[in-house]
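Novice:
There are 2 protein chains.
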Amino acid sequence: MAHSHAGHDHVWADDLTRNQELVLGALAHAEAPLSAYDILDKLRGDGLRAPLQIYRALDKLTERGLAHRLESLNAFVCCADAHCHESGSIAFAICEGCGKVEEFAEPVIESKLRGWSKTSGFVPSRMTIELRGLCKGCVASLPA
Amino acid sequence: MAHSHAGHDHVWADDLTRNQELVLGALAHAEAPLSAYDILDKLRGDGLRAPLQIYRALDKLTERGLAHRLESLNAFVCCADAHCHESGSIAFAICEGCGKVEEFAEPVIESKLRGWSKTSGFVPSRMTIELRGLCKGCVASLPA
DNA sequence: GCGTGATATGTTATTTAGTTACATCCCCTG
DNA sequence: CAGGGGATGTAACTAAATAACATATCACGC
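Going line by line, the protein sequences match chains A and B.
Each residue of the first sequence is one higher than the one before, counting from 1 in the working numbering.
Each residue of the second sequence is one higher than the one before, counting from 1001 in the working numbering.
1) Closer than 9 Å by beta-carbon distance: list the chain B residues that pair up with A/V139, in chain order.
2) Taking the alpha-carbon of B/G1099 as reference, which of B/A1082, B/V1077, B/L1113 has the nearest alpha-carbon?
3) Check B/I1094 in the structure and name its three-state DSSP category.
4) Assuming A/C78 is part of the beta strand (DSSP E), what are its boundary residues?
5) Determine the direct distance from the alpha carbon of B/Q1053 to that of B/L1040, and round the result to whole angstroms.
6) Can you check whether the C-beta of A/C84 is within less than 8 Å of a C-beta belonging to chain B?
7) Hey, quick one: how far does the alpha helix (DSSP H) through B/T1062 stretch, first residue to last?
8) What does A/T62 reach in chain B if we use C-beta pairs closer than 8 Å?
9) Measure the C-alpha to C-alpha separation of A/I94 and A/L34 and round it to an integer number of angstroms.
10) Just curious, the alpha helix (DSSP H) that B/S1120 is in, first and last residue?
11) Using a Cβ distance threshold of 8 Å, determine whether the stretch 96-111 of chain A contacts the stretch 44-62 of chain A, with at least three qualifying pairs required.
12) So B/K1136 and A/G121 are supposed to be a Cβ contact under 8 Å. How far apart are they, rounded?
13) Return the CA-CA distance between B/M1127 and B/A1140, expressed in angstroms with no decimal places.
14) Suppose the cutoff is 7 Å on Cβ atoms and the five residues either side in sequence are ignored; what does the same chain contact list for A/A6 look like?
15) Just the Cα atoms here: how many angstroms apart are A/R64 and B/E1102?
16) From A/V11 to A/N19, what does the alpha carbon distance come to, in whole angstroms?
17) Any idea what DSSP makes of A/E71, helix, strand or coil?
18) When DSSP labels each residue in this structure, what does A/H10 get in the three-state scheme?
19) Rounded to the nearest angstrom, what separates A/P51 and B/D1015 at their Cα positions?
20) Given that B/A1057 touches chain A, what residues does it touch there, using C-beta distances under 7 Å?
21) Let me confirm a value: A/A91 is counted as buried when at least 16 other C-beta atoms fall within 10 Å, else exposed. Which label applies?
22) Relative to the C-alpha of B/L1066, which residue among B/A1075, B/T1017, B/S1072, B/C1079 is closest?
23) Measure the Cβ-Cβ separation of B/V1025 and A/P124 and say whether it is below 8 Å.
24) Tell me the rounded alpha-carbon separation between A/E21 and A/E31.
25) May I ask you to report which of helix, strand or coil DSSP gives B/L1043?
26) List the DSSP bridge partners of A/P33.
27) Residues of chain A with CB closer than 9 Å to the CB of B/A1032, please, in chain order.
28) Along the beta strand (DSSP E) that carries A/G133, what are the first and last residues, could you check?
29) I need the straight-line Cα distance from B/P1143 to B/T1017, nearest angstrom please.
30) Quick one: which chain A residues come within Cβ less than 9 Å of B/C1135?
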């Protein structure tokens, strides 16, 4: 089962190294974001031992847009959208109830940010947009 | 109004505790964001010894909008805009050259994010918008 | 095949960031 | 003056990320 995936399929790049594949796999099977140490714990059985092994893989994966880092969580998710790297900036909605993350693109936001950058002479290299709150499901099941 | 200011002075709330004042002061005098441990180092002379003392003060300060946390940096800045807490969400442009941070508000962005939230049933409690890149000055002095 | 440079790996130790747990102190109010 | 809430102080700890160094792997030119 090297490549395909039940349900939602991912862009499995064919040239990932073993460690990168393991890390991406761990993220892909997780319901919620994982910290580097969470990933490490899941992969001890596969022979990974040190944080650095995870961080190195994560660096490559995020570079290529196959995974994303959630800054406000110090954690990582598998990219949910095959085309996200084409659409430039991505936003995340992080549920503080169930921990799940939704990834979405709002082109207008990106263009507004680029607009601000242009007028202030700032040259952006990376954009982070994260919402914290409660997802639909968690709001519904709130303590009445 | 009660706490107004000249020049680049701050909105000094009149009811800060000693530790909160020290921490806010440290941030206010810094050119760039400071980590909690940076702040601690600056305040050892004032009798502060433990990280927790800093974190507690920072919690209160960020709660009140007098300081902001930069998620992508694990660091803090003094709020630059007396009215930022009125305008809801704030965005930051972080220069990777000189380390300085610009704080700006883009109401359209906030409303777009609220729009997305509404349609997806997400109830946001906090929004993080951070740009990384190079400020005007640093771009200008780039290695030709 | 052989050298060589770029990239990926493995391992240990260390630094940086943030929290838990617990005791104390100060002030306000009844 | 009792008792509660908030701020403080201190030590020990967990979590996140990096430094430094040693090997291995692979592609490429010769």
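Positions of the beta carbon are idealized from the N, C-alpha and C atoms, including for glycine.
Specialist: Looking at the coordinates:
1) Neighbours of A/V139 on chain B, chain order: G1121, F1122, V1123.
2) Measuring from the Cα of B/G1099, the nearest candidate turns out to be B/V1077.
3) Correct three-state label for B/I1094: strand.
4) Run containing A/C78: 75-78, per the beta strand (DSSP E) assignment.
5) The alpha-carbon atoms of B/L1040 and B/Q1053 are separated by roughly 8 Å.
6) It does not; no Cβ of chain B falls within 8 Å.
7) Residues 1051-1063.
8) For A/T62, none of the residues of chain B pass the 8 Å Cβ criterion, the least Cβ distance being about 13 Å.
9) Between A/I94 and A/L34, the C-alpha separation is close to 13 Å.
10) Unbroken alpha helix (DSSP H) run through B/S1120: 1107-1120.
11) By the Cβ criterion, the stretch 96-111 of chain A is not in contact with the stretch 44-62 of chain A, since fewer than three pairs of Cβ atoms, one from each stretch, lie closer than 8 Å.
12) The Cβ separation is near 3 Å, so the contact holds.
13) If I take the Cα positions, the gap works out to 31 Å.
14) Reliability of the predicted coordinates at A/A6 is poor, the pLDDT of 33 falling under 50, and no value is obtained from them.
15) Rounded to the nearest whole angstrom, the CA to CA distance from A/R64 to B/E1102 is 28 Å.
16) With a pLDDT of 47 at A/V11, under the threshold of 50, the modelled position of that residue is not reliable, and the figure given next carries that caveat. Looking at the two C-alpha atoms, the distance is approximately 17 Å.
17) It is coil, neither helix nor strand.
18) In this predicted model, A/H10 has a pLDDT of only 42, less than 50, meaning its place in the structure is not dependable enough to derive any value.
19) In this structure, the CA atom of A/P51 is about 44 Å from the CA atom of B/D1015.
20) The premise fails here: B/A1057 is roughly 20 Å from chain A at the closest Cβ pair, so nothing lies under 7 Å.
21) Buried is the call here.
22) For B/L1066, the closest of B/A1075, B/T1017, B/S1072, B/C1079 by C-alpha to C-alpha distance is B/C1079.
23) Rather than Val, the amino acid found at residue 1025 of chain B in this sequence is Gly. Cβ atoms of B/G1025 and A/P124: not closer than 8 Å.
24) Going from the Cα of A/E21 to the Cα of A/E31 covers about 18 Å.
25) In the displayed model, B/L1043 falls within a helix according to three-state DSSP.
26) BP columns for A/P33 are empty, so no partner.
27) Neighbours of B/A1032 on chain A: none; closest Cβ ~15 Å, over 9 Å.
28) Here the beta strand (DSSP E) through A/G133 covers 123-134.
29) Going by the C-alpha atoms only, they are around 46 Å apart.
30) Neighbours of B/C1135 in chain A, taken as residues whose beta carbon is under 9 Å from its own, are S120, G121, F122, V123 in chain order.
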